[in-house]
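For reference, the structure is listed below as structure tokens.
In this note's numbering, the protein residues as written are 14 to 583.
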């Protein structure tokens with residue numbers, strides 16, 4: 014992880030002010046072999062210098078909120094070395110006439126994790142223009158493991174690499190495997206709690222809390238970008254306030270990021286935002302609220318008050334932002350229909366409660382109340398099923414599954430949970446389009462996938478992910494910016510590039526600027542679109558013509574070039 018240890022941090026408001034001032038200077042830049050003024054383009058150069066690549070004749074969007082300029086982008090040694098009229102003195106000349114040229118997109122909230130070892134190109138993400146991906150969100154990360162488990166498994170392989178205990182081992186596996194996109198990860202609070210306290214609803218003892226803080230400190234020292242919470246999930250939801258604050262003070266010490274999947278995103282969403290803000294205020298940690306939403310029709314009116322809570326916190330001096338994917342359906346595990354109190358312990362213990370008449374009654378009542386609040390069984394889509402005989406349910410709505418099974422809603426849900434051993438995902442169509450516009454247009458908002466890397470090939474192609482894993486960023490740019498005119502393109506691009514880079518304190522990514530890493534996209538703005546659907550998700554986005562990762566031409570005319578993968582750990 015690249016850190017600005019000694020650089021003075023700037024607020025979001027000052028960051029935007031600086032962007033506008035610099036961008037304004039760039040919009041007056043001259044073309045014709047002379048260096049540009051402002052926006053990092055001022056350093057002189059000579060067109061006699063040979064470049065590795067010149068991306069020529071495109072409309073260059075710097076990643077800042079500024080008007081684009083028509084120019085060439087010169088790349089040498091993995092870096093952007095000039096932006097001007099550059100000629101053709103290069104090894105690789107790419108004609109970007111009629112195209113948008115901009116920084117690679119940064120997905121600050123993903124769940125790629127070990128999928129990148131199975132699809133190292135980063136298939137579904139790189140094809141939508143993502144060149145930097147951040148995993149380990151919602152309280153879950155593929156590390157750490159306890160000393161006992163590590164001792165038991167250290168001589169085994171995981172995805173073909175030595176079993177790792179901490180983030181450094183996971184990062185080593187990615188480096189050895191090679192990756193097509195840049196990658197970084199949070200450490201999940203749920204995993205730390207699992208290692209130290211276990212999976213039951215008990216408070217951490219003082220000694221356990223010290224151990225949790227030591228583990229967190231170690232992961233941050235090794236390069237984790239921050240700590241993520243999943244307070245709607247177990248075992249993270251079982252933590253107490255004093256536990257959260259103690260851990261977040263460690264995060265603040267490292268000037269890392271605190272991301273939170275809040276405790277509630279529907280009936281008590283305002284209280285959940287207040288809790289997230291209170292934890293940031295008491296710890297001093299920088300806050301990123303994950304996939305902000307108001308689920309279920311009875312809560313749609315709450316978005317203005319939700320945003321007021323966030324902006325009041327920002328006005329008080331808090332470093333607070335949020336992110337959101339551009340879809341009205343969420344995705345989660347079907348086990349969310351089991352109340353938290355019944356999700357304690359191992360999978361076997363949870364499944365046993367489905368067969369116990371007393372606990373089964375509690376779970377049934379809770380599950381049916383969730384179905385009703387979501388809008389009914391026609392609003393719940395079942396993702397991939399793998400148990401024998403369950404294939405027919407894949408990609409079907411719950412009401413359709415009931416027709417296929419001949420069972421009622423609860424019996425169908427229970428069958429899926431038991432036969433799939435809790436491992437079945439769902440999508441819930443529970444959000445309002447108008448609220449999506451309000452949230453994504455907010456100056457504190459960033460665009461995300463909240464999804465993983467997938468590939469149409471191999472095991473990952475057998476799953477049924479939310480289409481956001483293939484098309485979140487292209488859906489935002491194509492449908493919501495170009496077609497529905499949510500905002501101007503330069504603002505949209507900044508939400509996908511410079512703003513997440515600023516949050517992650519990446520000192521040389523997120524902008525097209527001399528000296529920055531050459532993560533560059535060439536986009537056909539007329540055709541950019543999300544092609545993936547809920548029924549057929551494994552379809553690459555349209556309109557991403559070229560992708561450069563650290564200067565390496567990875568996608569050409571929308572196809573993988575066969576190059577050596579050039580992604581790095583950030």
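Quick reminder that beta carbons are idealized off the backbone N, C-alpha and C, glycines included.
Predicted model, so just to flag it, every value in this text is computed and none were measured.
*Unbroken stretches of the alpha helix (DSSP H), 4 residues or longer, contained in the segment 411 to 445*: 411 to 418 and 422 to 432
*With a threshold of 16 other CB atoms inside 10 Å of the CB of residue 429, please say whether the residue is buried or exposed.*
buried
_I'd like the ranges of any alpha helix (DSSP H) spanning at least 4 consecutive residues and lying wholly in the segment 481 to 517._
481 to 488, 502 to 509 and 511 to 517
*Evaluate residue 232 with the Cβ neighbour count: other Cβ atoms within 10 Å of its Cβ, from every protein chain shown; 16 or more gives buried, anything less gives exposed.*
buried
*asked:* On the DSSP letters alone, give me the boundaries of the alpha helix (DSSP H) that residue 203 sits inside.
replied: 202 to 209
_Please classify residue 76 as buried or exposed, where buried requires at least 16 other C-beta atoms within 10 Å of its C-beta._
buried
*CB-CB under 6 Å to residue 209, same chain, minus the five flanking residues each way: which ones, in chain order?*
221, 224 and 225
_Close beta carbons around residue 122, own chain, < 6 Å, minus the five adjacent residues each side_ = 150, 303, 336, 461 and 463
*Is DSSP giving residue 249 helix, strand or coil here?*
helix
*Reduced DSSP secondary structure (H/G/I, E/B, other) of residue 569*: strand
*Just to confirm, are residue 547 and residue 480 a CB contact at a threshold of 8 Å?*
yes
*Which runs of the alpha helix (DSSP H) spanning at least 4 residues fall entirely within the segment 279 to 362, listed in chain order?*
282 to 296 and 316 to 328
_Beta-carbon separation (whole angstroms), residue 156 vs residue 194, contact threshold 8 Å_ = 19 Å between Cβ atoms; not a contact.
*Going by CA-CA distance only, name the one from 517, 325, 351 and 301 that's closest to residue 436.*
351
*Can you give the Cα-Cα distance for residue 566 and residue 153, rounded to whole angstroms?*
32 Å
*Sub-8 Å separation of residue 514 and residue 68 beta-carbons*: no
*For residue 178, does the count of other Cβ atoms within 10 angstroms reach 16, so buried, or fall short, so exposed?*
buried
*Unbroken alpha helix (DSSP H) run spanning residue 190, endpoints*: 180 to 190
_Given 8 Å, three or more beta-carbon pairs between the segment 79 to 88 and the segment 522 to 536_ = yes
_Alpha carbon of residue 423 to alpha carbon of residue 368, nearest angstrom_ = 13 Å
_With three or more C-beta pairs closer than 8 Å as the rule, is the segment 243 to 259 touching the segment 344 to 362?_
yes
*In the DSSP assignment, what residue or residues form a beta bridge with residue 387?*
DSSP lists no partner for residue 387.
*Please state whether DSSP places residue 478 in a helix, a strand or coil.*
coil
_Separation of residue 439 from residue 498, as counted between CA atoms_ = 30 Å
_Between the CA atoms of residue 503 and residue 40 - distance to the nearest angstrom_ = Here the model assigns residue 40 a pLDDT of 33, short of 50, so the residue's position is not dependable, and the following value carries that caveat. One C-alpha to the other measures close to 12 Å.
*Minimum C-alpha distance to residue 431 - residue among 164, 227, 347 and 174*: 347
*Counting pairs of Cβ atoms below 8 Å between the segment 260 to 280 and the segment 290 to 306, do you hit three or more?*
yes
*State the DSSP-derived secondary structure class of residue 61, mapped to helix, strand or coil.*
coil
_Whether or not the segment 262 to 274 and the segment 284 to 296 are in contact is what I'm after, with contact meaning three or more pairs of Cβ atoms, one per stretch, closer than 8 Å; do they touch?_
yes
*Which residues in the same chain as residue 227 place their Cβ atom closer than 6 Å to its Cβ, once the five residues preceding and following it in sequence are excluded?*
none
*Between the beta-carbon of residue 557 and the beta-carbon of residue 575, is there less than 8 Å?*
no
*Tell me where the alpha helix (DSSP H) around residue 114 begins and ends.*
Element bounds for residue 114: not the alpha helix (DSSP H) but the beta strand (DSSP E), 113 to 116.
*For residue 330, count neighbouring C-beta atoms within 10 Å of its own C-beta (all shown protein chains included) and say buried if the count is 16 or more, exposed if not.*
exposed
*Pick out whichever of 389, 61 and 409 has its Cα sitting closest to the Cα of residue 397.*
409
*State whether the segment 442 to 455 contacts the segment 313 to 328, with contact taken as three or more CB pairs (one from each stretch) at a distance under 8 Å.*
yes
*Skipping 5 residues on each side, what residues in its chain have a beta carbon closer than 7 Å to that of residue 494?*
500, 502 and 505
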